[in-house]
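Structure first, then comments.
In the numbering used here, the protein residues as written are -16 to 249.
Here it is as structure tokens:
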């Protein structure tokens, strides 16, 4: 079980990193920095802050960061040494670098989550440009039931075929959005109803959003309905479903048929 203050710790870290990112973006834009510089500096500075705070506040815990060496290298708090650890923090210092580099876009996030036994047990998603931090405790309230036309979230740059198929089958509408954290948060906040993703993600893309969603009573799984497992040797976790429970049965029926058809075709 997480320590009583792990939830608060995750939220504080995500909020602090978010404040740093907002201030740094304003500074860089004022001096005419390029989009590439915004992305690089945002990632670097947020990661440095989170790594420092984790070293200070949770020195015995392991870490998997998008900006670190956790995929294959290293032997200590980062890298493959994390595989034998009981407590592993999985962080994405800046989820949605493209959106961050396109001010005034607000659909980018900071992810901080704690995993034990492959399961997210505490987490927070900061949406700094929206002035929000969603946490696993206190959890967000369950949003109202979806409307007659469910809102299906897709990537604004790479809409997956499964999302388009799902929206058509449900008689729903597509909602384009940036980062994975912002997409999952939209379901938690009741701005959208289902977020189906295929085509590639990593553990840091979904871990904190899943912690926050599940704490609020929102369904989160792989596209085929199987459980999400974290802190694997290979952090690639290619697909995700975040869905309001009121329409889960409908969504599952569509996805099961779709995945079966894709499997038969291959």
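Note that the Cβ used here is the ideal one computed from N, Cα and C, for glycine as well. Only a predicted model underlies this, so the values are computations on that prediction, with no experimental measurement involved.
Using a C-beta cut-off of 8 Å, the stretch 69 to 84 makes contact with the stretch 186 to 199, since at least three inter-stretch Cβ pairs fall below that distance.
With respect to residue -9, residue 36 sits apart: the two C-beta atoms are not nearer than 9 Å. Residue pairing of residue 213 in beta bridges, as defined by DSSP: absent, with no partner found. Here the alpha carbons of residue 199 and residue 233 stand approximately 20 Å from one another. In the structure shown, the three-state DSSP call for residue 156 is strand.
In the DSSP annotation of this structure, the continuous segment of the beta strand (DSSP E) that includes residue 177 starts and ends at 177 to 180. In this structure, the alpha-carbon of residue 176 lies about 38 Å from that of residue 39. Residue 101 is positioned such that its CB atom lies no closer than 9 Å to that of residue 241. If you draw a straight line from the Cα of residue 42 to the Cα of residue 209, it comes to about 33 Å. Here residue 221 is near residue 182, since their CB atoms are less than 9 Å apart. Cβ-Cβ separation between residue 168 and residue 116: approximately 10 Å, too far for a contact (criterion under 8 Å).
Relative to residue 238, the option among 219, 49 and 147 whose CA is nearest is 147.
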